[in-house]
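S.K.: So for the sequence shown, this note's numbering puts the first residue at 175; every next one is plus one. Cβ atoms here follow ideal geometry from the backbone N, Cα and C, with glycine treated the same way.
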Amino acid sequence: GGQAPAWCDSAADLAAFSCLGATFLRFGVFAGPYSIRWTILRRVLTLMGCLYILRGFTISFTVLPNPAKNCVYSGDVFTDGHPLSSPNEPPRVKPGADPWTIAFGVMIFQTKTCADVLYSGHTLFITICACIWHEYAHRSPLFTFRSETLNAVTFVALRVFVLCYAGFCYLVIITTHFHYSDDVWFGFWMTLFVWRGDHSIVRIAPLYPRRPYYVFLAWLEQEAPDLALWRRRMEKLQEVEESMGLEGARPGETRIQLRDQFPS
Numbered sequence: 175g176g177q178a179p180a181w182c183d184s185a186a187d188l189a190a191f192s193c194l195g196a197t198f199l200r201f202g203v204f205a206g207p208y209s210i211r212w213t214i215l216r217r218v219l220t221l222m223g224c225l226y227i228l229r230g231f232t233i234s235f236t237v238l239p240n241p242a243k244n245c246v247y248s249g250d251v252f253t254d255g256h257p258l259s260s261p262n263e264p265p266r267v268k269p270g271a272d273p274w275t276i277a278f279g280v281m282i283f284q285t286k287t288c289a290d291v292l293y294s295g296h297t298l299f300i301t302i303c304a305c306i307w308h309e310y311a312h313r314s315p316l317f318t319f320r321s322e323t324l325n326a327v328t329f330v331a332l333r334v335f336v337l338c339y340a341g342f343c344y345l346v347i348i349t350t351h352f353h354y355s356d357d358v359w360f361g362f363w364m365t366l367f368v369w370r371g372d373h374s375i376v377r378i379a380p381l382y383p384r385r386p387y388y389v390f391l392a393w394l395e396q397e398a399p400d401l402a403l404w405r406r407r408m409e410k411l412q413e414v415e416e417s418m419g420l421e422g423a424r425p426g427e428t429r430i431q432l433r434d435q436f437p438s
């Protein structure tokens, strides 16, 4: 850690909010003719809730000193603002201060604790946005070309650009001492694991009617257009399997034989 200039916080915020703003405009405002904005919003809010619950545990269980040694606690819940001079120095909270008030103040940028380090919330937002572009850009295109090859090249180039920009944002967070590199690394993998896990579970949730969480997800996603398309595709695959006498084949073998006929 070291003395971080005052603009460092703004640089990290700008990196995160630029991702949020571009993603909102692309998938929320200019969603194109195949809009799935409400499906994306619903899933993002669900994932954000899960990730912030997990983040609450990691912050509580692993309290790290702020990487910027001149970080200052601020907000009405503290008796006074002061620089962080010791890794173990806690903020001086007013007697009787409500923890929910502190949490809400942090959320609306009115309270700064200098202790919410592991894992990085900014990395969470950036990674969520990158996952949205990677997962939904080709499912909800603004426009398409006549050539399938050109469409494929365009989406690959877009994914590479999004990945590079996300990497640049991670570097901004680390080099400005806004977070440690392990905060960013851990935040990236936590977000990616939760994202991939959720998008896998929503597909199989209807198959487990006795598990409460699966029942909740099945109810939540019952009107999702992309899942309806996926279910129709699976039904078509099943019909083809039966017509080709592949009922006894292992799922991997069946997928290999049919993936060229029914591309994703």
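Please name the residue, chosen from Ile375, Leu298, His353 and Ile378, that lies closest to alanine 340 on a Cα-to-Cα basis.
M.R.: Taking the first residue of the sequence shown as 1, we reach residue 340 at position 166. Among Ile375, Leu298, His353 and Ile378, the Cα nearest to that of alanine 340 is on Leu298.
S.K.: Looking only at its chain, what residues have a beta carbon closer than 7 Å to the beta carbon of serine 259, apart from the 5 residues adjacent to it on each side?
M.R.: Locating residue 259 in the sequence shown gives position 85, where the first residue counts as 1. With a pLDDT of only 44 at serine 259, under the threshold of 50, the placement of this residue in the model should not be trusted, and no figure is reported.
S.K.: Candidates Pro380, Val237 and Tyr208: which alpha carbon is nearest phenylalanine 390's?
M.R.: Looking up residue 390 in the sequence shown gives position 216. The option with the nearest alpha carbon to phenylalanine 390 is Pro380.
S.K.: Nearest-angstrom Cα distance between cysteine 343 and leucine 221?
M.R.: Walking along the sequence shown from the start, residue 343 turns up at place 169. Walking along the sequence shown from the start, residue 221 turns up at place 47. Cysteine 343 and leucine 221: Cα-Cα distance of roughly 21 Å.
S.K.: Return no unless some Cβ of chain D is closer than 8 Å to the Cβ of valine 358.
M.R.: Annotation note: the requested chain D is absent from the structure, which comprises a single protein chain.
S.K.: Buried or exposed for serine 294, please, with buried defined as at least 16 other CB atoms from any protein chain shown within 10 angstroms of its CB.
M.R.: On the sequence shown, residue 294 is found 120 positions in, with the first residue counted as 1. Here serine 294 is buried: its Cβ has 16 or more other Cβ atoms, across all protein chains shown, within 10 Å.
S.K.: What do you get for cysteine 305, buried or exposed, if any count of 16 or more other CB atoms within 10 angstroms of its CB means buried?
M.R.: Against the sequence shown, residue 305 aligns to sequence position 131. A residue is called buried when at least 16 other Cβ atoms come within 10 angstroms of its Cβ; cysteine 305 meets this threshold and is buried.
S.K.: With distance defined between alpha-carbon atoms, name the residue in Thr236, Val330 and Thr301 nearest to alanine 189.
M.R.: By 1-based counting over the sequence shown, the position of residue 189 is 15. It is Thr301.
S.K.: Around the Cβ of proline 241, are there at least 16 other Cβ atoms within 10 angstroms (buried) or fewer (exposed)?
M.R.: On the sequence shown, position 67 is the one that residue 241 refers to. With 16 or more Cβ atoms within 10 Å of its Cβ, proline 241 is classed as buried.
S.K.: With isoleucine 214 and phenylalanine 201 assumed to form a contact (beta carbons below 8 Å), what rounded beta-carbon distance in angstroms separates them?
M.R.: In the sequence shown, residue 214 corresponds to position 40, counting from 1. In the sequence shown, residue 201 corresponds to position 27, counting from 1. Contact between isoleucine 214 and phenylalanine 201 holds, with the beta-carbon distance rounding to 6 Å and staying under 8 Å.
S.K.: Just curious, the alpha helix (DSSP H) that serine 374 is in, first and last residue?
M.R.: For the purposes of this step, residue 374 is taken as the residue at position 200 of the sequence shown. Start and end: 355 to 378.
S.K.: With three or more beta-carbon pairs closer than 8 Å as the criterion, would you say the region 363 to 370 touches the region 219 to 234?
M.R.: yes
S.K.: Find the nearest neighbour of phenylalanine 335 within the set His312, Asp357, Trp307 and Cys288, judged by alpha-carbon distance.
M.R.: Translated into the one-based positions of the sequence shown, residue 335 becomes position 161. Taking only the C-alpha atoms, the option nearest phenylalanine 335 is Trp307.
S.K.: Out of Trp212, Leu345 and Arg407, which one is the CA nearest neighbour of serine 314?
M.R.: If you number the sequence shown from 1, residue 314 lands on position 140. That would be Trp212, whose Cα lies nearest to the Cα of serine 314.
S.K.: Tell me which residues share the same chain as glutamine 431 and place their Cβ nearer than 6 Å to its Cβ, disregarding the 5 neighbours each side in the sequence.
M.R.: Locating residue 431 in the sequence shown gives position 257, where the first residue counts as 1. The pLDDT assigned to glutamine 431 is 45, lower than 50, so where the model puts this residue is not dependable; a value taken from the coordinates is nonetheless given after this. Answer for glutamine 431: no residue qualifies.
S.K.: Strictly by DSSP, which residues pair up with lysine 410?
M.R.: Taking the first residue of the sequence shown as 1, we reach residue 410 at position 236. Its beta-bridge partners do not exist; DSSP assigns none.
S.K.: Look up serine 192 in the DSSP assignment and say whether it is helix, strand or coil.
M.R.: By one-based count along the sequence shown, residue 192 stands at place 18. Judged by DSSP in its simplified three-state form, serine 192 adopts helix.
S.K.: In angstroms with no decimal places, state the Cα-to-Cα distance between isoleucine 348 and isoleucine 276.
M.R.: Locating residue 348 in the sequence shown gives position 174, counting from the first residue. Locating residue 276 in the sequence shown gives position 102, counting from the first residue. Each residue's Cα considered, the two are about 25 Å apart.
S.K.: Closest by CA to alanine 196, which one among Asp400, Pro207, Ala311 and Val330?
M.R.: In the sequence shown, the residue the question calls residue 196 occupies position 22. Selected option, being the one with the closest Cα: Ala311.
S.K.: Is the separation between the beta-carbon of arginine 121 and that of tryptophan 404 shorter than 8 Å?
M.R.: This structure cannot settle anything about residue 121, because the visible part of the chain is limited to 175 through 438.
S.K.: With respect to the alpha helix (DSSP H) encompassing methionine 222, which residues constitute its N-terminal and C-terminal limits?
M.R.: Taking the first residue of the sequence shown as 1, we reach residue 222 at position 48. Start and end: 211 to 235.
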